[in-house]
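Sequential numbering of the sequence shown, starting at 64, is according to the numbering used here.
In this text, a Cβ means the ideal position worked out from N, Cα and C, and glycines have one as well.
Below you'll find the structure, written out as structure tokens, and then a few comments.
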Amino acid sequence: MTLAVLALVAAVVLGRTFIMPVFLAFLLALTFSPIRRFLQRRRVPPPVSALLFVSALAVGFSALALVLSGPIQQYVADRETIAADVERKLRGVSEVIQKVAEASDEVQEVAEGGQSGAETAAPSDEAPQEVVVQGPSVLSQTLTTAPSVMGQIIFTLVLFFFLTASGDMFYEKLVQTAPTFKDKKRAIQISYDIERKLSRYFLTITAINAGLGVSVGLALWGLGMPNPLLFGVLAFALNYIPFLGAIAGVLLAFFIAVISFDTVSSALIVAGVYLGLTTIEGQFITPYAVGRSLKLNPVLVFLAVAFWGWAWSVIGMFIAVPALIVLRVFSDKIPALKGVGIFLSGSETAHEQRVPKEERDAEQAET
64 MTLAVLALVA
74 AVVLGRTFIM
84 PVFLAFLLAL
94 TFSPIRRFLQ
104 RRRVPPPVSA
114 LLFVSALAVG
124 FSALALVLSG
134 PIQQYVADRE
144 TIAADVERKL
154 RGVSEVIQKV
164 AEASDEVQEV
174 AEGGQSGAET
184 AAPSDEAPQE
194 VVVQGPSVLS
204 QTLTTAPSVM
214 GQIIFTLVLF
224 FFLTASGDMF
234 YEKLVQTAPT
244 FKDKKRAIQI
254 SYDIERKLSR
264 YFLTITAINA
274 GLGVSVGLAL
284 WGLGMPNPLL
294 FGVLAFALNY
304 IPFLGAIAGV
314 LLAFFIAVIS
324 FDTVSSALIV
334 AGVYLGLTTI
344 EGQFITPYAV
354 GRSLKLNPVL
364 VFLAVAFWGW
374 AWSVIGMFIA
384 VPALIVLRVF
394 SDKIPALKGV
404 GIFLSGSETA
414 HEQRVPKEER
424 DAEQAET
């Protein structure tokens, strides 16, 4: 069993160039299936729906890249000046930290009986030589990785188009391959449950992230931050990553505020406002909007974000929660995975545990 898990992890990591776009395409197809089926009932053919979905995603990604490209290119071009400015303004803080470290070293030397002070290194006649290795520039790295990234994006959208344009053919093949009627019914229930929960999750989270992006953009604009639109878009995109997305947004806002304002205290106010908005969203709005049926164990969510981020970089962090949702649906429907479902679910009271079961029974009845 352990060897099988290790082999699966190795396959996911080593084959990410192919597996990642395939996984994303199936994830998008499952998410948009309820919308495609809704349009199909209104006589919109699946190929037309697929073309609309792909066009909307392409336009959305292009607009996002257009908004982010200008300010990011400017910050990258001025990175040396920005680093020097940040170092100069944070020098007072670093000096305090250095003094504390020196005092700690002195205390340690006294505790060791002054042995470290008795031993002195022999003076060297030659001045130390410093070797600086020039790494590849940001522009060269971007030009090197851009064709691969664009190829994966195009492959994902093309596969997503064919999966959506085929309508319910995937479900028909799934029913045909199931050996018994019970297995056929379970396969359809799992598929439809994944569709519902993924669509509910993405639609809800997208609406919440849009509100957070607008709030962050307006708040930082009111504080006098440059490029508030950039931070609004970043808050929208980064909030799809649990925990780490909010931390990254706060740190980015802090460092840009350090070079934009005269005092570090002003930068701390900007970071505090950003953190406050994300905290309100994460602790109150999202738990209420997402609901009990999608509640997940926060520890496993953090581990999933860390694992998928290690395996598939930033894209892996985005798909960590949807992957857990899919796994929880399987664990709810397959008795052998009941233990996995218990670990995946969040902390619930007895009353809260009854409600999701009633919801699942109602969904099964509808199916």
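DSSP-derived helix/strand/coil call for residue i
i	result
T65	helix
L131	helix
L45	Summary: the structure shown does not reach residue 45, with the chain confined to residues 64 through 430, and so no result is reported for it.
S323	helix
S376	helix
F124	helix
P108	coil
L153	coil
T243	coil
A181	Because A181 sits at a pLDDT of 46, beneath the cut-off of 50, its placement in the model cannot be relied upon, and the point is left open.
I304	coil
S394	helix
S278	helix
S329	helix
Residue i CB to nearest heavy atom of the ligand MN below 7 Å
i	result
L293	For the structure depicted, the ligand MN is absent and the ligand set is empty, with no information on it obtainable.
CA-to-CA distance, residue j to residue i, given in whole angstroms
i	j	result
L331	L281	17 Å
F218	F324	44 Å
P385	S112	23 Å
N360	I405	9 Å
G295	D231	38 Å
R79	V72	10 Å
L289	L301	According to the sequence as given, residue 289 is Pro; it is not Leu. Those two C-alpha atoms are separated by around 19 Å.
F265	L90	11 Å
A246	V403	Strictly speaking, residue 246 in this sequence is Asp, with Ala absent from that position. Near 20 Å, if we compare the C-alpha coordinates of V403 and D246.
Q239	L102	25 Å
T342	I310	11 Å
V149	F318	7 Å
P398	V389	15 Å
A74	P84	14 Å
G198	L283	Note on G198: pLDDT 48, under 50, position unreliable in the model; the coordinate value appears next. The alpha-carbon atoms of G198 and L283 are separated by roughly 35 Å.
T326	G312	20 Å
A70	L77	10 Å
V122	Y255	28 Å
K236	R391	23 Å
G285	G339	15 Å
Q431	S328	The structure shown has nothing for residue 431, since the chain only spans 64 to 430.
I98	I251	17 Å
V68	S132	40 Å
L120	V130	15 Å
Boundaries (first-last residue) of the alpha helix (DSSP H) holding residue i
i	result
F233	232-240
F81	79-104
G26	The shown model of the chain, from 64 to 430, leaves out residue 26, and the question about it has no answer.
A432	Lying outside 64 to 430, the shown extent of the chain, residue 432 is not represented and no answer is given.
Bridge partners - residue i, DSSP secondary structure assignment
i	result
S408	L359
> Are the segment 108-123 and the segment 220-228 in contact at 8 Å, needing three or more beta carbon pairs?
Replying inline: yes
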